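Residues 7 to 724, numbered by our numbering, are exactly what the sequence shown covers, in order.
Below is one structure, written out as structure tokens; comments come after it.
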Amino acid sequence: MSRRDTPPEELTETEASAELATLAEEITAADIAYHQNDAPEITDAEYDALRRRNTAIEALFPHLKREDSPSEASPGAAPAAGFAKSRHGTPMLSLDNAFGADEFLEFTKTIRRFLKLGDDAVLRFVGEPKIDGLSVNLTYEHGKFVRGATRGDGTIGEDITRNLETLPETYLPRTLKAPFPDQIEIRGEVFMTKADFIAFRDEQARLAEEREQRRERGEKVGPEIRIPANPRNAAAGSLRQLDPEVTAKRPLKMFAYAQGASSTPVAETHSDYLKALERWGFHVNPLSKVLPDEHAAEAFQDSIGTQRASLDYDIDGVVYKLDRLDWQTRLGFVGRTPRWAIAWKFPAEQATTVLLEIQIQVGRTGALTPRAVMQPVNVGGVMVQHATLHNEDEIARKDIRIGDTVVLQRAGDVIPQIVSVVLEKRPKDAAPWQPLTHCPACGSHAVRPEGEVVRRCTGGLICPAQTVERLKHFVSRNAMDIEGLGEENIIALHDAGIVKSPADIFRLEKRADEIRQWEGWGKASKKDSKKLSNLLAAIEGRRNPALERFIFALGIRRIGAQNAKLLARHYQTVEHWRERMIAARVIGSEAREELGSIQGIGPSIATELVEFFQEPRNLAALDDLLSEVKPEQAESFGDGTSPFAGKVVVFTGTLERSSRDEAEAIADRLGAKVTKSVSKKTDFVVVGADAGSKAKKAAELGVRTLTEAEWREMASLG
Ligand code: IVH
Numbered sequence: 007m008s009r010r011d012t013p014p015e016e017l018t019e020t021e022a023s024a025e026l027a028t029l030a031e032e033i034t035a036a037d038i039a040y041h042q043n044d045a046p047e048i049t050d051a052e053y054d055a056l057r058r059r060n061t062a063i064e065a066l067f068p069h070l071k072r073e074d075s076p077s078e079a080s081p082g083a084a085p086a087a088g089f090a091k092s093r094h095g096t097p098m099l100s101l102d103n104a105f106g107a108d109e110f111l112e113f114t115k116t117i118r119r120f121l122k123l124g125d126d127a128v129l130r131f132v133g134e135p136k137i138d139g140l141s142v143n144l145t146y147e148h149g150k151f152v153r154g155a156t157r158g159d160g161t162i163g164e165d166i167t168r169n170l171e172t173l174p175e176t177y178l179p180r181t182l183k184a185p186f187p188d189q190i191e192i193r194g195e196v197f198m199t200k201a202d203f204i205a206f207r208d209e210q211a212r213l214a215e216e217r218e219q220r221r222e223r224g225e226k227v228g229p230e231i232r233i234p235a236n237p238r239n240a241a242a243g244s245l246r247q248l249d250p251e252v253t254a255k256r257p258l259k260m261f262a263y264a265q266g267a268s269s270t271p272v273a274e275t276h277s278d279y280l281k282a283l284e285r286w287g288f289h290v291n292p293l294s295k296v297l298p299d300e301h302a303a304e305a306f307q308d309s310i311g312t313q314r315a316s317l318d319y320d321i322d323g324v325v326y327k328l329d330r331l332d333w334q335t336r337l338g339f340v341g342r343t344p345r346w347a348i349a350w351k352f353p354a355e356q357a358t359t360v361l362l363e364i365q366i367q368v369g370r371t372g373a374l375t376p377r378a379v380m381q382p383v384n385v386g387g388v389m390v391q392h393a394t395l396h397n398e399d400e401i402a403r404k405d406i407r408i409g410d411t412v413v414l415q416r417a418g419d420v421i422p423q424i425v426s427v428v429l430e431k432r433p434k435d436a437a438p439w440q441p442l443t444h445c446p447a448c449g450s451h452a453v454r455p456e457g458e459v460v461r462r463c464t465g466g467l468i469c470p471a472q473t474v475e476r477l478k479h480f481v482s483r484n485a486m487d488i489e490g491l492g493e494e495n496i497i498a499l500h501d502a503g504i505v506k507s508p509a510d511i512f513r514l515e516k517r518a519d520e521i522r523q524w525e526g527w528g529k530a531s532k533k534d535s536k537k538l539s540n541l542l543a544a545i546e547g548r549r550n551p552a553l554e555r556f557i558f559a560l561g562i563r564r565i566g567a568q569n570a571k572l573l574a575r576h577y578q579t580v581e582h583w584r585e586r587m588i589a590a591r592v593i594g595s596e597a598r599e600e601l602g603s604i605q606g607i608g609p610s611i612a613t614e615l616v617e618f619f620q621e622p623r624n625l626a627a628l629d630d631l632l633s634e635v636k637p638e639q640a641e642s643f644g645d646g647t648s649p650f651a652g653k654v655v656v657f658t659g660t661l662e663r664s665s666r667d668e669a670e671a672i673a674d675r676l677g678a679k680v681t682k683s684v685s686k687k688t689d690f691v692v693v694g695a696d697a698g699s700k701a702k703k704a705a706e707l708g709v710r711t712l713t714e715a716e717w718r719e720m721a722s723l724g
């Protein structure tokens, strides 16, 4: 085992390869903890050290660079380091909350007592909608924007200047319009509008799905894509990007609402200060209003509350600030909250209702997502009858059962969620919810791979929810490569019920007359009729695909082009492959072992393959397809004259002259079948230095062993 303190140049190939594997794993885990869970498990310095070591080893052993090398991950996805710290000129405070008119009145009484004001003194307030976003502190020097920071712990925040500079000038002026104090801090809330959020969330969901499809095809994928739960999350995530170019693509806006440190006073009242903010070029919330006295607050609260649902951004209350700044100064703070301001919050948007059903939606990639169907109920002015349940773990964690009375909440004003269950109201016969064993769209087995949260339909080839995606993959360039069958045409043929499975594509000719009647396909114009005849010709030209293309085209999870090639080379003919896959369904069978021992096909990939073949509907679809197409026999490697051609070879121990991976690849090219374990079927065991049990087993079984020199000699490697 190599140790992290061994200088990379002193590592042997075996050690380097093993270390690259663990590094890939550790870096991925750190990326997930940081980006996905927002809960880093290692420090930035430790993370940087891991990446540096990975790069150093890769530079010395370029041929050992892994498919999933972290150095290939998309730029900007992984943090190079965190943000610099930035100390605020004056602390960024939080606000006390009031829930209702009584608490607000209490707040005003405290002010009167503190300032020793009589009942006849007038308390003028400014009411401002309380935006649910992220507060920032902007520093201007001589009218120029020089620094921007998050709130952090109130005293020290993160320096996010580069990210803030991506906001439109109209929201964050780079230069203030004169006159202005030499030094001034301006505070405001960065947010995403509801409409922008929904578009952004949907786009993220689409990207996540595309990523999943690539992953399924065994292609390289970047880091996990996060789907934000609400506009606040989306704004926070956007501002915390380490790559400002990512932030630049996010539609962020800002309302300015307060001052921090200032070299000279700006105004005598808060309302005048807001006017200064506008003069300098900031947006101040247009609903902000000067209230002549404290009694006007209640009506203002109601009025903003009524407008809440129709506003384009999330608010969770109204902030009331005493207008006179001299009074603000006298009042000062208790702990971290000012005595001169309060946040009057809206009542929580919660409601209770009965859970009628848990529906399962099948995504385009076969992901099964539970969704709650409830008795419709009004939550904060919006009728709600569906709520997302995320995944089955969440249902189990909250122990949500059909028939339960549930507490619903609109999170961040947009997506309803079930917060909890009212246990006292649970019907006696309510049983814990059981995840589906079969896909509701096609009836195929639904499985949840170990370590994943999502359950999936295994009926890839036949599941109607997935058909269009599967067909698109089936005809794509690296798969069957059928030209003229773009997404639009597939959808048209699918919706007309003509193409429901891959095999149907090869029966298209039989429906040609019917298709010709369609607009854009028919005899009406020469061009149109050519379109169909070209397509039919393209289809005919693909009746004898290379076996590896054929296997890849089936769209079996984790069987990308590379793995398909390995399978094709190993099994040679589609008949043989099919037969061995069926046999491999039995755990512990020889065929299962053979599959798992193919160089490059690990046990988890083997499991996916077997799951595909375990589903009778997939087998039926495959056979149907095979009645239409005849894949070619895969080329065998080597010219058959090598003493290793057709032989089963195992490498063990450390080789001196090449890496084990390289030696295995050479044997593979010479037509050998390289396996990992020694059995009676093994023809040769090539024994390197420090070989362990495999050499011993070979001796026990009487399998021929070769030294490295003998192997090189027989392989004509010199
Ligand atoms: S004034 C001392 N005004 O609410 C006054 N805050 O709990 C400090 N917020 O961290 C803040 N809209 O993120 C103020 N119009 C507004 C606000 C507002 C939203 C947020 C802000 C702050 C939190 C205070």
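No residue lacks a Cβ here, since even glycine has one placed at the ideal position from N, Cα and C.
It should be emphasised that the depicted structure is a prediction, and the values quoted were computed from it without experimental measurement.
Practice task
Measuring alpha carbon to alpha carbon, tell me which of 68, 94, 167 and 396 ends up nearest residue 367.
Solution key: Between residue 367 and the set 68, 94, 167 and 396, the nearest pair of CA atoms involves 396.
Exercise for the section: Reducing DSSP to helix, strand and coil, say where residue 570 ends up. Expected result: Here residue 570 sits in helix by DSSP.
Problem - Check whether residue 591 and residue 568 have beta carbons under 9 Å apart - result: The Cβ atoms of residue 591 and residue 568 lie no closer than 9 Å to each other.
Exercise for the section: Taking only the alpha-carbon atoms, compute the straight-line gap between residue 459 and residue 71 and give it to the nearest angstrom. Expected result: Straight-line Cα distance between these residues: approximately 30 Å.
Handout entry: Proximal residues to residue 32 (C-beta, below 7 Å), its chain only, five neighbours per side dropped
Key = The residues are 56.
Exercise for the section: Using the beta-carbon of each residue, find all residues closer than 5 Å to any heavy atom of ligand 1 and list them in chain order. Expected result: Here the residues close to ligand 1, judged by CB distance below 5 Å to any of its heavy atoms, are 99, 100, 101, 134, 136, 137, 141, 195, 263, 264, 325 and 344 in chain order.
Practice task
Please state whether DSSP places residue 148 in a helix, a strand or coil.
Solution key: Looking at residue 148 - three-state DSSP - the assignment turns out to be coil, as it is neither helix nor strand.
Practice task
Name the two residues that bound the continuous alpha helix (DSSP H) containing residue 444.
Solution key: Where residue 444 is concerned, there is no enclosing alpha helix (DSSP H), given that its DSSP letter is neither H nor E.
Handout entry: Rounded C-alpha distance that separates residue 289 from residue 179
Key = Roughly 10 Å between the two C-alpha positions.
Problem - Outcome for residue 265 when other beta-carbon atoms lying within 10 angstroms are tallied against a minimum of 16 - result: So residue 265 counts as buried.
Handout entry: Anticipated Cβ contact below 8 Å, residue 496 with residue 478, distance rounded
Key = That belief holds up - the Cβ atoms of residue 496 and residue 478 are roughly 6 Å apart, short of 8 Å.
Problem - Close-in-space but distant-in-sequence residues of the same chain around residue 194 (CB under 8 Å, 5 per side omitted) - result: Excluding sequence neighbours, residue 194 sits near 141, 142, 144, 260, 261, 262, 263, 264 and 288.
Problem - Inter-residue spacing [alpha-carbon to alpha-carbon] between residue 342 and residue 146 - result: About 24 Å.
Handout entry: Residues near residue 514 by beta carbon distance below 8 Å, same chain, minus five either side
Key = 499, 504, 505, 521, 541, 542 and 545, listed in sequence order.
Practice task
State buried or exposed for residue 353, treating a residue as buried only when at least 16 other CB atoms are found within 10 Å of its CB.
Solution key: Residue 353 is exposed by the Cβ-count criterion.
Problem - Among 251, 257 and 226, the one whose alpha carbon lies nearest that of residue 241 - result: The residue with the shortest Cα to Cα distance from residue 241 is 257.
Problem - From 296, 469, 244 and 246, residue whose alpha carbon lies closest to that of residue 624 - result: For residue 624, the nearest C-alpha among the options comes from 469.
Exercise for the section: Could you check the C-alpha separation between residue 549 and residue 632 for me, to the nearest Å? Expected result: Straight-line Cα distance between these residues: approximately 10 Å.
Exercise for the section: Go to residue 309, then tell me how far its beta strand (DSSP E) extends in each direction, as first and last residue. Expected result: Counting along the chain, residue 309 sits inside no beta strand (DSSP E); it lies in the alpha helix (DSSP H) bounded by residues 302-313.
Handout entry: Residues bridged to residue 197 (per DSSP)
Key = Partner residues in the beta bridge of residue 197, as assigned by DSSP, are 259.
Practice task
Give the secondary structure of residue 362 by DSSP, where H, G and I count as helix, E and B as strand, and everything else as coil.
Solution key: DSSP places residue 362 in the strand class (E or B) of the three-state scheme.
Handout entry: Opening and closing residue of the beta strand (DSSP E) in which residue 713 lies
Key = Residue 713 -> beta strand (DSSP E) spans 710-713.
Practice task
Taking 9 Å as the cut-off, decide whether the C-beta atoms of residue 294 and residue 132 are in contact.
Solution key: Yes, Cβ-Cβ distance for residue 294 and residue 132 is below 9 Å.
Practice task
Report buried or exposed for residue 423, applying the criterion of at least 16 other Cβ atoms within 10 angstroms of its Cβ.
Solution key: Within 10 angstroms of the beta-carbon of residue 423 lie 16 or more other beta-carbons, which makes it buried.
Exercise for the section: Would you list the residues sitting across from residue 326 in a DSSP beta bridge? Expected result: 133 and 348, per the DSSP bridge assignment.
Problem - Backbone CA spacing between residue 130 and residue 184 [nearest angstrom] - result: Going by the C-alpha atoms only, they are around 28 Å apart.
Handout entry: Contact set for residue 318: own chain, Cβ-Cβ below 8 Å, skip 5 residues either direction
Key = Taken in chain order, the residues that qualify are 199, 200 and 201.
Practice task
Examine the Cβ distances between the segment 87-103 and the segment 160-176 and report whether three or more of them are shorter than 8 Å.
Solution key: With a cut-off of 8 Å, the segment 160-176 and the segment 87-103 count as touching, because enough Cβ pairs lie within range.
Handout entry: Proximity test, residue 614 beta-carbon vs ligand 3 heavy atom, cut-off 8 Å
Key = Ligands displayed in this structure: ligand 1; ligand 3 is not among them.
Exercise for the section: Could you work out which residue in 16, 558 and 563 is closest to residue 575 when comparing CA atoms only? Expected result: Comparing Cα positions, the closest option is 558.
Handout entry: residue 698 versus residue 68 - alpha carbon distance
Key = Distance between the alpha carbons of residue 698 and residue 68: 28 Å.
Handout entry: Start-to-end residues for the beta strand (DSSP E) that takes in residue 656
Key = Element bounds for residue 656: 654-658.
Handout entry: Sequence-distant residues of the same chain with beta carbon closer than 7 Å to residue 338, five excluded per side
Key = Cβ contact annotation for residue 338 (same chain, cutoff 7 Å, sequence separation greater than five): 345, in chain order.
Exercise for the section: Check whether the Cβ atoms of residue 291 and residue 135 sit closer than 9 Å, and answer yes or no. Expected result: Yes, the Cβ-Cβ distance between residue 291 and residue 135 is below 9 Å.
Practice task
Return the chain-ordered list of same chain residues with a C-beta closer than 6 Å to the C-beta of residue 769, the five sequence neighbours on each side being excluded.
Solution key: The structure shown does not extend to residue 769, since the chain spans only 7 to 724, so no value can be given for it.
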